[in-house]
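Visitor: Residue numbers (my numbering): 37 to 184.
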């Protein structure tokens, strides 16, 4: 299974995972994760959550569903709205990221922000370049050299 890095863009199936005791916090976390994925054009294949952060990660039913989705190829990455949803500290979060990479996936932290905003001209030039590289570019005269 190919591994797309967390900063990559494209139609990558991901799961949004969150863990909190308050339902409104779960909803906000899911929304932040979906926004982060959407900003990268990742497809959210599912959203799972658990209501008990005190429970070890490997014993949470929602996390089991996420790892099952990764194992079956339904997803290629996991987006969390913050490291504390899956780890007690930065070292645990990094270790979990390595574990997911070893399984062919990735772990993305939505608290790191969103991609830089692009102008319509930049987006069009990037799309035209990608289309040309893939062989889908059918109208070479639509590429505007001076557009911003």
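Beta carbons are placed, not taken as given, at the ideal position from N, Cα and C, and that holds for glycine.
Measure how close the beta-carbons of residue 106 and residue 70 come, nearest whole angstrom, since I'm counting them as under 8 Å.
Guide: Within the chain shown, residue 106 is the residue found at index 70, counting from 1. Within the chain shown, residue 70 is the residue found at index 34, counting from 1. So it is not a contact: roughly 18 Å between Cβ atoms.
Visitor: Drop a sphere of 10 angstroms on the beta-carbon of residue 111, count the other beta-carbons inside from all chains shown, and report buried for 16 or more, exposed for fewer.
Guide: For the purposes of this step, residue 111 is taken as the residue at position 75 of the chain shown. Under this definition residue 111 is a buried residue.
Visitor: Thinking residue 115 and residue 73 are a contact (beta carbons under 8 Å), I'd like their distance in whole angstroms, please.
Guide: The residue given as residue 115 occupies position 79 in the chain shown. The residue given as residue 73 occupies position 37 in the chain shown. Contact holds; Cβ gap of about 5 Å.
Visitor: Tell me the DSSP bridge mates of residue 53?
Guide: Residue numbering aside, residue 53 sits at position 17 when the chain shown is read from its first letter. Beta-bridge pairing links residue 53 to 84 and 116.
Visitor: If you follow the alpha helix (DSSP H) that residue 127 is in, where does it begin and where does it stop?
Guide: Here residue 127 refers to the residue found at position 91 when the chain shown is read from its first residue. Segment 126-138, the alpha helix (DSSP H) holding residue 127.
Visitor: What span of residues does the beta strand (DSSP E) with residue 144 cover, start to end?
Guide: Here the question's residue 144 lines up with position 108 in the chain shown. Run containing residue 144: 142-145, per the beta strand (DSSP E) assignment.
Visitor: If distances are taken between C-alpha atoms only, which option among 167, 64, 148 and 82 comes closest to residue 113?
Guide: Counting from 1 along the chain shown, the entry for residue 113 is found at position 77. With distances taken between Cα atoms, residue 113 lies closest to 82.
Visitor: What does a CB cutoff of less than 8 Å around residue 129 pick up in its chain, not counting 5 residues either side in sequence?
Guide: Mapped onto the chain shown, residue 129 falls at position 93. The answer, listed in chain order, is 119, 122, 123, 143 and 145.
Visitor: Checking 8 Å against the spacing of the C-beta atoms, do residue 35 and residue 57 come in under that value?
Guide: Residue 35 lies beyond the stretch modelled for the chain, which goes from 37 to 184, so this question has no answer here.
Visitor: In whole angstroms, give me the CA-to-CA distance for residue 131 and residue 125.
Guide: Position 95 of the chain shown, counted from the first residue, corresponds to residue 131. Position 89 of the chain shown, counted from the first residue, corresponds to residue 125. So the two alpha carbons sit approximately 10 Å from each other.
Visitor: Taking DSSP's pairing of strands, which residues face residue 77 in a bridge?
Guide: The residue given as residue 77 occupies position 41 in the chain shown. Paired residue(s): none; residue 77 is not in a bridge.
Visitor: Closest Cβ-Cβ distance between residue 50 and chain C: below 8 Å?
Guide: In the displayed structure, chain C is absent; only one protein chain is listed.
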